[in-house]
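Some notes on the structure that comes next.
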Amino acid sequence: MRKLLILLLAILLAACNLPRTTPDLGSAPVTETPSAEVGYTQCAWNWATQPLPDLSAEVQSALEAAGLTGVTASAEAYGENCITGTGEVDHFAAMETDFRIRMEAPDLAERAALGNLLERILVVLDAFPPGATPGPNAGYIGVTFQAGDEELRLWFPVADGESARALGLRGAALLDKLQNR
2 MRKLLILLLA ILLAACNLPR TTPDLGSAPV TETPSAEVGY TQCAWNWATQ
52 PLPDLSAEVQ SALEAAGLTG VTASAEAYGE NCITGTGEVD HFAAMETDFR
102 IRMEAPDLAE RAALGNLLER ILVVLDAFPP GATPGPNAGY IGVTFQAGDE
152 ELRLWFPVAD GESARALGLR GAALLDKLQN R
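Take the sequence shown: its letters are residues 2 to 182, numbered as in this note's numbering.
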């Protein structure tokens with residue numbers, strides 16, 4: 002029995018070092034995490050993202066409907082590609098949806114005004130929670146304020162934006178909290 006276990010372990014370790022081809026990671030369809038009812042596929046999992054153009058358009062429309070101008074939105078699913086033994090991408094398992102917002106701002110030094118814009122953006126994104134977007138987890142939000150050639154970039158978990166607002170933070174205090182988390 003012990004010899005069989007050692008032989009099995011040696012085979013598994015050798016299989017980890019077999020030459021592999023690089024899969025085409027851009028062709029897998031975006032799906033939710035596979036359910037137990039789906040047939041089992043032997044996978045090597047690889048972190049990946051998938052653009053969500055329909056959701057991006059919905060977020061863009063919602064931001065514009067909220068009166069935000071000079072704004073561009075995109076959404077992408079973050080998760081893993083299931084790569085088969087032949088190097089093909091079988092499917093993509095979404096873990097979360099991340100949002101990226103770019104917005105023109107008159108002056109990056111006006112932190113209170115930027116914080117107020119940030120709050121308005123977060124209120125719009127509240128309408129796109131996990132369950133309504135791919136993946137079971139809350140993702141990240143990236144906001145870039147641009148004034149001419151200058152940029153102020155923020156990247157934070159959705160939960161941090163929610164908790165900062167639950168504390169009653171607004172304006173510059175909200176911006177400071179999410180910039181210096």
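We put the beta carbon where it would ideally sit given N, CA and C, even for glycine.
Report task. Pick out whichever of 136, 70, 46 and 173 has its Cα sitting closest to the Cα of residue 98. Result -> Translated into positions along the sequence shown, residue 98 becomes position 97. For the residues 136, 70, 46 and 173, the minimum Cα distance to residue 98 belongs to 136.
Report task. Report buried or exposed for residue 132, applying the criterion of at least 16 other Cβ atoms within 10 angstroms of its Cβ. Result -> Within the sequence shown, the letter at position 131 stands for residue 132. Its Cβ having fewer than 16 others within 10 Å, residue 132 is exposed.
Requested in this report: Can you give me the Cβ contacts of residue 154 inside the same chain, cut-off strictly under 6 Å, excluding the 5 residues immediately before and after it?
Outcome: In the sequence shown, the residue the question calls residue 154 occupies position 153. Excluding sequence neighbours, residue 154 sits near 145.
Query raised in the report: Roughly how many whole angstroms lie between the Cα atoms of residue 142 and residue 85?
Result: The residue you call residue 142 lines up with position 141 of the sequence shown. The residue you call residue 85 lines up with position 84 of the sequence shown. Each residue's alpha carbon lies about 31 Å from the other.
**Report entry** Range covered by the alpha helix (DSSP H) that runs through residue 166
**Finding:** Residue 166 sits at position 165 when you count from the first residue of the sequence shown. It spans 159-167 - the alpha helix (DSSP H) in which residue 166 sits, taken as one unbroken run.
Query raised in the report: Roughly how many whole angstroms lie between the Cα atoms of residue 72 and residue 43?
Result: For the purposes of this step, residue 72 is taken as the residue at position 71 of the sequence shown. For the purposes of this step, residue 43 is taken as the residue at position 42 of the sequence shown. So the alpha carbons of these two residues sit roughly 42 Å apart.
Query - Start-end ranges of the alpha helix (DSSP H) lying completely within the stretch 40-71, minimum 4 residues - result: 54-66
Query raised in the report: Which one or two residues does DSSP pair with residue 155 in a beta bridge?
Result: Counting from one through the sequence shown, the residue named residue 155 turns up at place 154. Answer by DSSP bridge pairing, in chain order: 144.
**Report entry** 8 Å CB neighbourhood of residue 160 in its chain, flanking five on each side removed
**Finding:** Taking the first residue of the sequence shown as 1, we reach residue 160 at position 159. The answer, listed in chain order, is 139.
Report task. With a 10 Å radius around its C-beta and 16 neighbouring C-beta atoms as the bar for buried, classify residue 152 as buried or exposed. Result -> Position 151 of the sequence shown, counted from the start, is the residue given in the question as residue 152. Counting Cβ neighbours within 10 Å, residue 152 comes out exposed, since fewer than 16 surround it.
Query raised in the report: Going by alpha carbons, who is nearest to residue 59 out of 52, 109 and 74?
Result: On the sequence shown, residue 59 is found 58 positions in, with the first residue counted as 1. Selected option, being the one with the closest Cα: 74.
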